[in-house]
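Reading through the structure tokens given below for one structure.
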Amino acid sequence: MNAEMYKKYMMKVLPMIVKATPAGREAVLVIDNASIHNSVVEKVFGYLRKANLQSFIDSYQEFVKARIAHFSINARHLIKRISQKELLRYEVDEYAASLGVRIVRIPPYHCQFSPIELVWHQLKDHLRSTGKSSDKLEAVRERAINYLKNKSESDILFTYEHVRDIEDGIKSVMEIDEKDSDDSDSDTD
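Given below as structure tokens:
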């Protein structure tokens, strides 16, 4: 899979998501931040020139207006203060938005919440240890299939239990924070 294949795939899948979304509900697709999901519509300039500044203001008029309303500073200073990540627009996200599908990106490096990511990691380790980068694709494919077919139920169960343990730990912290917050609220009453 690469960025172009992902884009073609999403051009087919997004309309199906729209059709499958019940009336009155918002279509939402949660994706990770894999590099193939991040083909930008345009590069955000890294330095300011008059032509760049005018192009930026034309392209991001609403974004700039919203920021200027909050900060009474000139546009050049404003652009220097804006993170370039705030300005990134992704091709698939733009297409999804045109169909009414909201893309939600999970934070980077949160693979611990996804059991399949742990399995992919184990598979990659296996392939690296049993092969060479010069191996033919068919040989790598066969090794991958054999590895996954021979993966024991106990290994898979361990993977899910590992994710559950992480989730339970986070829930515990959230419950403690909520309890502390409730206690401090009652102290101020």
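Just so you know, the sequence shown maps onto residues 1 to 189 in the UniProt record's numbering.
Don't be surprised by glycine CBs; every beta carbon is placed ideally from N, CA and C.
Bridge partner(s) assigned by DSSP for residue i
i: Arg105; result: Ile31
i: Tyr90; result: Val40
Top-ranked residue by Cα proximity to residue i, from the options
i: Val104; options: Asp168, Ile116, Tyr90, Pro115; result: Tyr90
i: Val101; options: Met16, Lys179, Ala3; result: Met16
i: Ala3; options: Glu175, Glu142, Asp165, Val92; result: Val92
i: Ile26; options: Ala34, Lys136, Leu99; result: What sits at residue 26 in the sequence shown is Glu, not Ile. Of the listed residues, the one whose Cα sits closest to Glu26 is Leu99.
i: Asp32; options: Thr21, Ser39, Met5, Ile106; result: Ile106
i: Asp155; options: Ile116, Lys136, Ile176; result: Ile116
i: Asn38; options: Met5, Thr21, Pro22; result: Met5
i: Val30; options: Pro22, Leu14, Asp135; result: Leu14
i: Ala34; options: Met1, Lys179, Val173, Tyr9; result: Met1
i: Lys8; options: Glu167, Ile36, Ser172; result: Ile36
Supposed close pair residue i, residue j - CB separation, criterion 8 Å
i: Met11; j: Tyr147; result: With a Cβ gap of about 32 Å, Met11 and Tyr147 do not count as contacting.
Test item: CB-CB of residue i and residue j under 9 Å
i: Ala144; j: Leu123; result: yes
i: Gly131; j: Val119; result: no
i: Leu88; j: Val40; result: yes
i: Val163; j: Ser114; result: yes
Heavy atom of the ligand NAD within 8 Å of residue i beta-carbon
i: Val28; result: With respect to small molecules bound, the structure shown includes none, and the ligand NAD cannot be examined in it.
Whole beta strand (DSSP E) runs in the stretch 132–161 with 3 or more residues, listed along the chain?
-> none
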